[in-house]
C-alpha cells in the first residue's frame, strides 16, 4: 500500500482572476506527512525495506525527515534523522511524534548529511532527501495523477531545493508524453544553487545558505537536476524571501492553507506575474507544502522582513 495519497488537483479561480491565467494547484500539502516528500521518500523506504534494510537513516531540513519518520512508523522500521541547527522546532517535534530519533547537528544541511552518513551500519538504508533515483521515481507519481485527470498544463511551476522534485516531475512528464512541457524552477535569494548552476553550466556550490527558506537549503543540487536542463526546457526564477513570505500569507488568505516560504516562493512567481510565465495559458503550480511554519510564524516572518526593508 503506497505511503502517499492522491492529492487534490484544483483550479484556483481566485488566483486565476488575479493574474489573468488559468492557475491549477496540485495540493501536495495534503500528503500525510505534509509535503510532496511522502511520495518519493515513501517509495524509497518501501524499496529499501524489500532489499533488507533494518533501519532508516536520513538528514533533513524538516520535510524529508518527517516523511522518513512517517514511513518508518508505518513500516515498523526504526528511524534516525539528523537535522541542522536551523531546522524548525515544529518539524523536529513532529518527527519525534512519529517515533523517530532526532539528532541536531551542524549549521547546514550539508553538515547534517555528512554526520548522518557516519552513522550508517551494514543493515541500514540511507534515505537521501533528494539525490536518489528511487525518490525521483516516487515523486513522478504526481505527474501520473495530473495526466490521468486529463490536465496537460502549458507550464509547471515548482520550488527547487536539492532538485529531487524537479527530477521527479521531469521523469513523470516523460513517461506521460509531456516531455515538451517547460518547467519554471523557483528559488529564494540565498538558496539559489540551482539558478547559479544553470547560469554557469556546471554545478555550483553555495558557500552558505542565507535565505529564511531553510528547507530549500541545499548548498548544491543533485547532478541529475542539472543534466535534465540539457534536453528539457527549464527556466530559473529567483525571488527574495520577502515575496516568498507574502505569497504564503496571500495563499493562506486565498485558500485557507498554510505553506512554508519554501513552497510560497513558487506561488510568488505566479502572484508576481514573473516574466518567465508570460504567454502561458494554463499554469500548474505544485503546492509542495511543508510543516515548518504556522500562520503565526508567517506573520512574524513578514514583520521581520518588513523591519529589514524599513517598510
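Residue numbers (UniProt numbering): 1 to 311.
Cβ atoms here follow ideal geometry from the backbone N, Cα and C, with glycine treated the same way.
For clarity, every value in this text was computed on a predicted model and none was experimentally measured.
{"query": "Around the Cβ of residue 95, are there at least 16 other Cβ atoms within 10 angstroms (buried) or fewer (exposed)?", "result": "buried"}
{"query": "Taking the straight line between their C-alpha atoms, what separation do you get for residue 249 and residue 148?", "result": "31 Å"}
{"query": "Under the three-state reduction of DSSP, which class applies to residue 26: helix, strand or coil?", "result": "strand"}
{"query": "Which ranges does the alpha helix (DSSP H) cover as unbroken runs of at least 4 residues, wholly within the stretch 27 to 83, from first to last along the chain?", "result": "37 to 50 and 63 to 75"}
{"query": "Taking the Cβ atom as the reference point for each residue, do residue 91 and residue 63 lie within a distance shorter than 9 Å?", "result": "yes"}
{"query": "What is the rounded straight-line gap between the Cα of residue 253 and the Cα of residue 9?", "result": "19 Å"}
{"query": "Taking the alpha helix (DSSP H) that residue 312 belongs to, which residues open and close that run?", "result": "Past the edges of the chain, shown from 1 to 311, lies residue 312, and the structure says nothing about it."}
{"query": "What runs of the alpha helix (DSSP H), each 4 residues or longer, lie entirely inside the stretch 135 to 164?", "result": "141 to 148"}
{"query": "Give me the Cα-Cα distance between residue 311 and residue 241, rounded to the nearest whole angstrom.", "result": "Note that residue 311 scores 48 on pLDDT, short of 50, meaning its location in the model is unreliable; the coordinates nonetheless yield the value given after this. Rounded to whole angstroms, residue 311 to residue 241 spans 14 Å at the Cα level."}
{"query": "Could you pull the start and end residues of the alpha helix (DSSP H) that residue 15 belongs to?", "result": "13 to 19"}
{"query": "Could you give the DSSP three-state label for residue 201: helix, strand or coil?", "result": "coil"}
{"query": "Tell me, which residues are paired with residue 286 by DSSP?", "result": "26"}
{"query": "Does the beta-carbon distance from residue 295 to residue 272 come in below 9 Å?", "result": "no"}
{"query": "Could you compute how far the alpha carbon of residue 168 sits from the alpha carbon of residue 7?", "result": "16 Å"}
{"query": "Can you tell me whether residue 13 is buried or exposed, with buried defined as 16 or more other CB within 10 angstroms of its CB?", "result": "exposed"}
{"query": "Going by DSSP, what residue range makes up the alpha helix (DSSP H) through residue 254?", "result": "241 to 255"}
{"query": "Using 8 Å as the cut-off, can you tell me whether the stretch 78 to 93 makes contact with the stretch 50 to 60, which would need three or more C-beta pairs spanning the two stretches below that distance?", "result": "yes"}
{"query": "Answer with buried or exposed for residue 214, where buried requires no fewer than 16 other C-beta atoms within 10 angstroms of its C-beta.", "result": "buried"}
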